[in-house]
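Q:
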Amino acid sequence: MSNVPEPVPPYPHARNDCGLCREMDADFEIVEEALDPPSWNGLQPRRFCQGCIGRWMATMALTRPLNIPPATPWSLSVVMLRPGDAPR
């Protein structure tokens, strides 16, 4: 057995609402302004924890449609979420 303590998350994770891992509270909501924002289409914004947001952004940047030049800016809004005790 190891005497090394397990890492402690920075705050309690109770929601487990990250859109990728489903194991952590989401720290960010993504609103894709250029691609039908949720407030306009009635969909829920995407939520990601700190560990998954980078993977999601890299995937979105690399899988853009071929008719969009690579140098074209990608527009989105990121909303920081505060830690929560209960699911939303």
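So for the sequence shown, full-length UniProt numbering puts the first residue at 1; every next one is plus one. The C-beta atom is built at its ideal place from N, Cα and C for all residues, glycine as well.
1. If I measure Cβ to Cβ from D17 and keep anything under 6 Å in the same chain, skipping five residues before and after, which residues do I get?
2. Let me confirm a value: A68 is counted as buried when at least 16 other C-beta atoms fall within 10 Å, else exposed. Which label applies?
3. Taking R82 as the reference, give the member of A58, W56, C49 and P70 with the closest Cα.
4. Alpha carbon to alpha carbon, what distance is there between A71 and R55?
5. Using only the alpha-carbon positions, how far apart do R22 and L66 sit?
6. Can the beta-carbon of W74 be found less than 8 Å from the beta-carbon of A58?
A: The answer reads as follows:
1. Taken in chain order, the residues that qualify are A26 and R47.
2. Residue identity differs from the one stated: residue 68 is Ile in this sequence, not Ala. When all chains shown are included, I68 counts as exposed.
3. Per the Cα distances, C49.
4. Cα to Cα, the separation comes out at about 20 Å.
5. In a straight line, the C-alpha of R22 is about 31 Å away from that of L66.
6. Note that the C-beta distance between W74 and A58 is not below 8 Å.
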